[in-house]
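If you count by the UniProt record's numbering, then the sequence shown holds residues 1 to 186, one letter each, in order.
C-beta: ideal position from N, C-alpha, C; glycine also.
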Amino acid sequence: MGRETPHQHAQSPTVEAVLDQHRYRAIFRQHAAAVAVVTLDGPTGPVGFTATSVISVSASPPVLAFSVAGTSSSWPALSTAETVVVNFLSADQADVSARFATPGIDRFADRGWDRLPTGEPVLHGVRARVRARVLDRIPAGSSFLVTLLGLDSDAPRRDARPLIYLDRTYPLLQSQGTDHPASAVD
C-alpha cells in the first residue's frame, strides 16, 4: 500500500540531489574507453572529432550512438549531417586522437585520409570503420546523444589492438598469455 509505482515516482515533485560535476568527471577519467574519430562532410569541407563515448545500441538493426558537446566546434556541421563515419582507432593512433581533439586547427591537414565514394572523409590505418545514417540528435544536458544506423563497414583489422583512453592517457593493452573471450552480453 505504501509502495510507489514507477509511474507515480516519475511524477513526484521532489527534487533529487545531483552528483557533483567534479566527482562525476573524476569517475569517468577512471573509466577506460575505446577511442574513435567521427568524420563527416560539412558545408565547408571535412569535419571530425575524437569520441570516447561510442556505444553499440542494437545489432538488429545495427544501431550505434555517441555523445557530443553542444559547444563542440563540430556540432554545427553534425547538427545537419545526414551521414557520418565512425573510425575506430588502433593503438598506434594516439596522435590521430590528439589531433582530432585539438580545437582551432585544421584536423585534416595531414593527408592520412581519403573520401568514400559517397563523399564522407575516412581515416587511414583504423581498426574498423562504420558509415552510418544519423537517426536522431537527442538533447542531453549540455550535450547531444546522436544515434546512427550502420549502413556499411570495412572488415575489422583483427591484427590491431584498440586505442584506449584512461585518466588522460593512452595505456597499451597487454596480452597476458592467451586471450580468453568474454561471454556475450545482451
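Rounded separation between residue i and residue j - CA only
{"i": "residue 45", "j": "residue 121", "result": "9 Å"}
{"i": "residue 56", "j": "residue 148", "result": "10 Å"}
{"i": "residue 22", "j": "residue 168", "result": "15 Å"}
{"i": "residue 95", "j": "residue 170", "result": "10 Å"}
{"i": "residue 70", "j": "residue 143", "result": "5 Å"}
{"i": "residue 93", "j": "residue 15", "result": "44 Å"}
{"i": "residue 124", "j": "residue 17", "result": "45 Å"}
{"i": "residue 68", "j": "residue 86", "result": "13 Å"}
{"i": "residue 173", "j": "residue 48", "result": "25 Å"}
{"i": "residue 128", "j": "residue 19", "result": "35 Å"}
{"i": "residue 158", "j": "residue 51", "result": "21 Å"}
{"i": "residue 40", "j": "residue 78", "result": "8 Å"}
{"i": "residue 101", "j": "residue 139", "result": "22 Å"}
{"i": "residue 160", "j": "residue 80", "result": "33 Å"}
{"i": "residue 112", "j": "residue 99", "result": "12 Å"}
{"i": "residue 106", "j": "residue 42", "result": "13 Å"}
{"i": "residue 150", "j": "residue 73", "result": "24 Å"}
{"i": "residue 114", "j": "residue 24", "result": "37 Å"}
{"i": "residue 31", "j": "residue 110", "result": "30 Å"}
{"i": "residue 38", "j": "residue 27", "result": "24 Å"}
Residue i, DSSP secondary structure in three states
{"i": "residue 173", "result": "coil"}
{"i": "residue 55", "result": "strand"}
{"i": "residue 26", "result": "helix"}
Residues near residue i in its chain [Cβ-Cβ closer than 7 Å; skip 5 each side]
{"i": "residue 65", "result": "55, 57, 145, 146, 147 and 148"}
{"i": "residue 29", "result": "167 and 168"}
{"i": "residue 36", "result": "51, 54, 86, 87, 88 and 89"}
{"i": "residue 152", "result": "131"}
Proximity test, Cβ basis, 9 Å: residue i and chain B
{"i": "residue 105", "result": "Absent here is chain B; the protein component of the structure consists of one chain."}
Closest by C-alpha distance to residue i, when choosing among the options
{"i": "residue 117", "options": "106, 162 and 131", "result": "131"}
{"i": "residue 83", "options": "136, 100, 104 and 107", "result": "136"}
{"i": "residue 126", "options": "97, 104 and 102", "result": "97"}
{"i": "residue 63", "options": "165, 133 and 36", "result": "133"}
{"i": "residue 163", "options": "60, 38, 91 and 61", "result": "91"}
Cβ-based neighbour list, residue i, same chain, cut-off 8 Å, excluding 5 preceding and 5 following
{"i": "residue 75", "result": "68, 69 and 144"}
Sequence-distant residues of the same chain with beta carbon closer than 6 Å to residue i, five excluded per side
{"i": "residue 165", "result": "33, 35 and 52"}
{"i": "residue 141", "result": "none"}
Beta strand (DSSP E) segments (min. 3 residues) lying fully within the UniProt domain "Flavin reductase like" (28-172): 36-42, 45-51, 55-58, 63-69, 83-88, 113-115, 121-123, 128-140 and 143-153
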